[in-house]
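Peer 1:
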Amino acid sequence: MAAVNGSSDLSSEMEVDAFRRLFPLRYHEYHLLKSVRPDARKLGSARDTTLALGAVASADGSALAKIGSTTMLAAIKMEVMTPTVECPDEGSIAIEFHMPPICSPLVRPGRPAEAAEVISKQLSDTIFSSGMIDLKELCLVGGKAAWMAYLDIYCLDADGALFDAALLSAVAAFSHLNIPVVSLNDDGRIVLVSEDNVRGKLEKEPVNKEKRKLKLNSPPFSLTCILHKNYILADPTAEEESIMETVVTVVLDSYYQLVSLYKPGGPVLAHTSVIQDCVALARRRVKELQNVLNEAISDMEVD
Amino acid sequence: METDRKDGRTANQLRPLACTRNVLNRAHGSASWSQGETKVLAAVYGPKAGTKKNENPEKACFEVIWKPKTGQIGKAEKEYEMILKRTVQSICVLNVHPNTTTSIIIQVVNDDGALLPCAINAVCAALVDAGIPLKHLAVAICCSLAESGHILLDPSKLEEQKMKAFVYLVFPNSTLSVLPEESLKVRGEPMEHGLITSFTHGVMSVDDYIRCLERGRAATGKLSDFLRRSLQSQVQSDSSKLG
């Protein structure tokens, strides 16, 4: 790396690691000149992505998503609640994103990290406005009982592109969700039917025999890109995010409709051509992520 | 292209704008900005010594405090704070006052749609009033997209709820420069066509988004003219007071 610069400054006689720490921006720019990134990726390619469904045995639906070393654990717990008066035939979903101190040196115990709340809000915005889940499907007895889905996402390792990984794990957890069987008891209340009873003789007919799986309409997937000068870097690591500040997150659903295009400021201005390039990268990424999700689901079915 | 709007505006028409600077006595800079019934008050305090934790001490640091009209600050407001902070950081010259913190306080007076764009415009005027060094101004606009594909600019709260999607866009203001126009262009496009901030809500096609961008860009021209005029007139009256 040092040889690229050659002549005048320290970089010719400095170790690569030291140079990386002292002049992080220049270190990255040398790489970008050669259309490669420090971890040997091309500018437009994302890190390896893996997905494991059913990571939390006690939850009704769960998934562990890894994009590079960014790791997210999502789990869903279903509870029966009385629906609100305004929407008597709809269930609801509560989404919470947690960043425990284990995930990054920047997070301290105590007050929740600011980033966590913003990502929570973004996640619920994306999941609700994409229309992935029809809340009417969460209804059990109109006006009386509906499901409340608590989706909790824990960030275990924060190495950049947090929102992408969180959204992937959330979508995967919903596709793994098995809604528990419930029945009405004599008092007209909803009770859980334990697994043994389902197979054996039942005193009461379960309320939701058929509706054990949620139907997901066109799940959204996202790609975060960094803009730096004329370069577009897909799926940045934490190091890249800290050095180059302009971030664009594109969320597309399965029909390539735009669910969100999020650019919170940043020194680089995004012109129309740049936005179109980011969307094109996101389209490619959606295909990849759909394959990753389908593979994870079919692996699950084989087991 | 006929679309009925409750207040009789055309699709591209903005609500009446009003901007007053120097409305608060103790603040180093302040401004109130209203678009129709939406009104926001912004105050700037600083630069004060020292940066907050986890901030780069070699640069000026900003903190944004959002006060809603009623009640406690929630997740939506936290997100607005974050967007505002990043937007302000991208328009300010951060090297002039290293190791300082500037506080920006937003008080929502009334929310009738397009709240975040209104707040961004207010902050911009307040930053000028406080004399914080800026690279350029920023102008923000809300475009909303109807089911039928029509784009309405600067929607009111009612319109915002009826629409299938809306977009908040922030652009740099148009520059007045002695340099020849060609030299100011970035990749063949004028600087003010570059997007600083984008925030969307609801599903739309990519083409619709690009159409929103074009409409927004066209409208921000007028907005930035208004901002410039209102800043200039007060600069003149300020200097006449001094004289």
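Chain order of the listed sequences is A and B. Position 101 (the first sequence) corresponds to 101 in UniProt numbering; numbering is contiguous. Position 50 (the second sequence) corresponds to 50 in UniProt numbering; numbering is contiguous. Quick reminder that beta carbons are idealized off the backbone N, C-alpha and C, glycines included.
1. So, does the CB of H193/B fall closer than 8 Å to a CB anywhere in chain A?
2. Kindly give me the distance between the Cβ atoms of V40/B and V109/B, rounded to whole angstroms, as I take these residues to be in contact under 8 Å.
3. Give me, in chain order, the residues of the same chain whose beta-carbon lies closer than 7 Å to that of residue 264/B; leave out the 5 immediate sequence neighbours on both sides.
4. Please list the partners that K121/A has in chain B, where partner means a Cβ-to-Cβ separation under 9 Å.
5. By Cβ distance below 8 Å, which residues in the same chain neighbour R20/A in space, the five residues on each side in sequence not counted?
6. What does DSSP give as the partner residues of Q35/B in its beta bridges?
7. Among residues of its own chain, excluding the 5 on either side of G243/B, which ones have a beta-carbon nearer than 6 Å to its beta-carbon?
8. Fully enclosed by the UniProt domain "Exoribonuclease phosphorolytic" (13 to 133) of chain B, which beta strand (DSSP E) runs are 3 residues long or longer?
9. Could you compute how far the alpha carbon of E63/B sits from the alpha carbon of H193/B?
10. Nearest to V36/A by alpha carbon, out of D253/A, A234/A, V251/A?
11. Looking at the C-beta of G266/A, does it have a partner C-beta in chain B at a distance below 8 Å?
12. By the DSSP assignment, the alpha helix (DSSP H) with V118/A in it spans what residues?
13. Tell me which residues share the same chain as M244/A and place their Cβ nearer than 6 Å to its Cβ, disregarding the 5 neighbours each side in the sequence.
14. Should Q276/A be labelled buried (16 or more other beta-carbon atoms within 10 Å of its own) or exposed?
15. In the DSSP assignment, what are the bridge partners of E241/A?
16. Rounded to whole angstroms, how far is the Cβ of P155/B from the Cβ of G113/B, which I believe are closer than 8 Å?
17. When the Cα atoms are used, what is the spatial distance from residue 253/B to A113/A?
18. Within 10 angstroms of its Cβ, does I73/B collect 16 or more other Cβ (buried), or is it exposed?
19. Compare the Cα-Cα distances from A218/B to each of K6/B, R9/B, L14/B and report the closest residue.
20. For the alpha helix (DSSP H) that contains K157/B, what are its first and last residues?
21. When you check each C-beta in the region 195 to 221 of chain B against every C-beta of chain A, which residues fall closer than 7 Å?
22. Cβ of Y262/A less than 8 Å from any chain B Cβ?
Peer 2: This is what the structure holds:
1. yes
2. 6 Å
3. Because chain B in this structure spans residues 1 to 243, residue 264/B falls outside the shown range and cannot be described.
4. G74, K75, A76, K78, E79
5. Y27, P38
6. L17/B, T38/B
7. Low confidence applies here, because G243/B scores a pLDDT of 45, under 50, leaving its location unreliable and the question unanswered by this model.
8. 17 to 21, 29 to 35, 38 to 49, 61 to 67, 100 to 110
9. 27 Å
10. A234/A
11. yes
12. 114 to 129
13. I226, H228
14. exposed
15. Beta-bridge pairing links E241/A to no other residue.
16. 5 Å
17. This structure gives no information on residue 253/B, because the portion of chain B shown stretches from 1 to 243.
18. exposed
19. L14/B
20. 157 to 162
21. L195, I196, T197, S198, F199, T200, H201, G202, V203, M204, S205, V206, Y209, I210, L213
22. yes
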